[in-house]
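Take a look at the structure below.
In full-length UniProt numbering, the protein residues as written are 1 to 210.
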């Protein structure tokens, strides 16, 4: 939308009227140019929202629902959508040929795969015991922060965090929020004081592995 007088695309919406057609949404806009002050009209037409298949992961559970989207809406892995089960994050886009892609127009997509943003974050904690590993699964608030060099207590172990594996990379410095953490790697220390105790967040653990 550009001003017919000066060509600027800086405009203020004075009026916004929605006309409900059979298969289209038509918007009649009254605009005022932010540059020259001219007032002009624009008419926008687009397809109405349609239902698309959405599969939401909540750790081990999945829910099949539908979500209304505009057919020409661009979707990307990592985008957030608001579904009937709350906010979700797109993890994969499946096309009719079962191919998975990182981005696509909604009308091209067979199934949207997503993870819930409404449940606690779940991540692994591995304690390196010199040849054996104590492995735990923890659930915390999604904004819970863990930093490299934090001293943590978990079960009977007190250990220093040395690596954090997130959805995108492994890091040996800085911190990450639980919402993006896949696994925390730590090594035991020879003292008993710690920054925080993860024991109360344990939801499962594995016996010592070689």
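The beta-carbon is built from N, C-alpha and C at its ideal position, and this holds for glycine as well.
Being a predicted model, the structure only gives us computed values, none of them experimental.
Secondary structure at residue i, three-state DSSP: helix, strand or coil?
i	result
residue 201	helix
residue 23	coil
residue 108	helix
residue 65	strand
residue 189	coil
residue 179	helix
residue 124	strand
residue 76	strand
residue 169	coil
residue 99	coil
residue 207	strand
residue 130	coil
residue 119	coil
residue 35	coil
residue 1	coil
residue 83	strand
Determine, using beta carbons only, whether residue i and residue j come nearer to each other than 8 Å.
i	j	result
residue 214	residue 111	Outside the modelled stretch of the chain, which goes from 1 to 210, sits residue 214, for which no answer is possible.
residue 106	residue 73	yes
residue 126	residue 185	yes
residue 120	residue 91	no
residue 182	residue 156	no
residue 192	residue 163	no
residue 94	residue 77	no
residue 18	residue 32	no
residue 58	residue 87	no
residue 206	residue 135	yes
residue 23	residue 47	yes
residue 160	residue 189	yes
Have a look at residue i and residue j and give me their C-alpha separation to the nearest angstrom.
i	j	result
residue 175	residue 82	28 Å
residue 180	residue 116	12 Å
residue 50	residue 67	8 Å
residue 80	residue 151	33 Å
residue 173	residue 149	8 Å
residue 203	residue 123	10 Å
residue 201	residue 103	35 Å
residue 41	residue 85	39 Å
residue 195	residue 147	11 Å
residue 132	residue 97	44 Å
residue 45	residue 6	24 Å
residue 34	residue 20	29 Å
residue 65	residue 144	29 Å
residue 62	residue 100	18 Å
residue 38	residue 138	59 Å
Residue i lies in the beta strand (DSSP E); which residues open and close that run?
i	result
residue 70	Premise fails: residue 70 is in no beta strand (DSSP E) and is neither H nor E.
residue 47	39-47
residue 58	50-58
residue 86	86-94
residue 153	151-154
residue 139	133-140
residue 145	145-147
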